[in-house]
Amino acid sequence: VEISPTLKGAQEDTLIGQAGPEMRRARALRWVSDFPETPEGPFVAVANEFLDALPIHQFEMTADGWRERLVGTDENGFRFELSDTPPPESDLPVDVAADVGDIIETRPTALALVRQMSARLNQHPGCVLFIDYGHEQTACGDTFQAVKEHAYHDPLVEPGAADLTAHVDFGALRDAAAEAGAVVYGPVTQGAFLKSLGLQARAEALSAAQPAHAQDIGDSLTRLTSDEGMGRLFKVMALTSPGLPVPPGFE
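Okay, here's the thing in C-alpha cells:
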C-alpha cells in the first residue's frame, strides 16, 4: 500500500533487486493506494513505525475554546497559526481536560485504517501487529516533529525533505478497533513484549556463542528493552479475528 508514485518506484527498484529470479521475471508485485483495494481473504500485516507517519490534526485550547492549528505564510516563510472559527465537535476527542495553550492531536487517517483492518478481520481470519512510539491513553501534548538525517529538523523548513512524525494515540486506536469488532491485545511496552518472546535468553545465547560481540549484543538489548531506550516509549498492539489464539507476547 503506497500513495506516493515516487516512493512506489523506489520500493519497486529495491524489492525487484532483492527478489529471486522467478519473481524478477514475473515482477509479481502489485501496489494499491489504500487498504480496501487489497485482495479479500486471510491476511497478516506488520506495521513497524508506520502509524507515526500518518497525517495528524492539531487543535489548541484558547480562551474562546478549541481552534485548529494551521500552516500559513508571512514574509519569513511558513508559520503556524490558529483558525478563526471552532472546529466541529466531531473532530475532537471526547472527555479530554485541557488548559489554555494545551494542544491535542487527532489521527483520522490512522483511525480509518484501523477500522478497515478490523472490519476485514471480522470477515477473514488474520492478525495485525503494530509497533510504534506513542502513548496508551489520549492526552494533550504537541508531539509533531520532523527528522532529517537522524537529527531533529524544523518541520516548516524544506517541506518534503524531512520525515514528519507524531506519537501514536494507541488508546484511540484500541477503542476504534474494538468497536469495529477486532480482538485487541495491548498496547504493551516494547520492552515487555520482547522479553516475553524470549529476547533476553536469545541475547545471552548469542553472547555466549560470539564473545567478541557480547558488548554489542548487550548494548542492543538495552536499547530495545530498557525504559531509557526504546523499551518504554515504543508500544506493541495486536488485532486478531475473533476466535483466534492469543498472539505470542501478549499471554
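Residue numbers (our numbering): 1044 to 1294.
Note that the Cβ used here is the ideal one computed from N, Cα and C, for glycine as well.
{"Query": "First through last residue of the beta strand (DSSP E) which encompasses Phe-1173", "Result": "1169-1178"}
{"Query": "Straight-line Cα distance separating Ala-1215 from Leu-1282", "Result": "14 Å"}
{"Query": "CB contact flag (Thr-1268, Leu-1237, <8 Å)", "Result": "yes"}
{"Query": "Residues near Ala-1220 in its chain [Cβ-Cβ closer than 7 Å; skip 5 each side]", "Result": "Val-1157, Ser-1161, Val-1227, Leu-1282"}
{"Query": "Sub-8 Å separation of Leu-1240 and Gly-1292 beta-carbons", "Result": "yes"}
{"Query": "Bounding residues of the beta strand (DSSP E) (the contiguous stretch that carries Met-1104)", "Result": "1100-1105"}
{"Query": "Own chain residues within Cβ distance below 6 Å of Val-1231, not counting five before or after", "Result": "Val-1279"}
{"Query": "Proximity winner among Leu-1287, Pro-1136, Asp-1218, Thr-1049, relative to Gly-1169 (alpha-carbon distances)", "Result": "Leu-1287"}
{"Query": "Neighbourhood of Glu-1092 by C-beta, 6 Å cutoff - its chain only, sequence neighbours within 5 removed", "Result": "Asp-1175"}
{"Query": "Selected residue, minimal CA-CA separation from Ala-1223, among Gly-1274, Asp-1212, Pro-1131, Gln-1159", "Result": "Gln-1159"}
{"Query": "Beta-carbon gap between Glu-1179 and Phe-1123 smaller than 8 Å", "Result": "no"}
{"Query": "Three-state class that DSSP yields for Phe-1187 in the structure shown", "Result": "coil"}
{"Query": "Inter-residue spacing [alpha-carbon to alpha-carbon] between Ile-1147 and Gly-1261", "Result": "38 Å"}
{"Query": "Whether Val-1190 touches Asp-1095 by CB criterion (8 Å)", "Result": "no"}
{"Query": "Check whether Ile-1099 and Ser-1076 have beta carbons under 8 Å apart", "Result": "no"}
{"Query": "Alpha helix (DSSP H) segment containing Ile-1260, residue limits", "Result": "1257-1268"}
{"Query": "Proximity below 8 Å, CB of Pro-1129 to CB of Thr-1149", "Result": "no"}
{"Query": "Asn-1119 - DSSP class collapsed to helix/strand/coil", "Result": "coil"}
{"Query": "Enclosing beta strand (DSSP E) for Asp-1206 [first to last residue]", "Result": "1206-1208"}
{"Query": "Endpoints, the beta strand (DSSP E) within which Arg-1283 is located", "Result": "In the sequence as displayed, the identity of residue 1283 is Thr instead of Arg. Residues 1277-1283."}
{"Query": "Three-state secondary structure assigned by DSSP to Thr-1049", "Result": "helix"}
{"Query": "Bridge partners - Phe-1236, DSSP secondary structure assignment", "Result": "Note: Phe-1236 sits in no beta bridge, so no partner."}
{"Query": "With 16 other Cβ atoms within 10 Å as the buried cut-off, status of Glu-1118", "Result": "exposed"}
{"Query": "CA-to-CA distance, Leu-1172 to Val-1089, given in whole angstroms", "Result": "5 Å"}
{"Query": "Glu-1294 - containing alpha helix (DSSP H), residue span", "Result": "Careful: Glu-1294 lies outside any alpha helix (DSSP H) and carries neither H nor E."}
{"Query": "Cut-off 6 Å between Cβ atoms - residues of its own chain near Asp-1138, not counting five sequence neighbours on either side", "Result": "none"}
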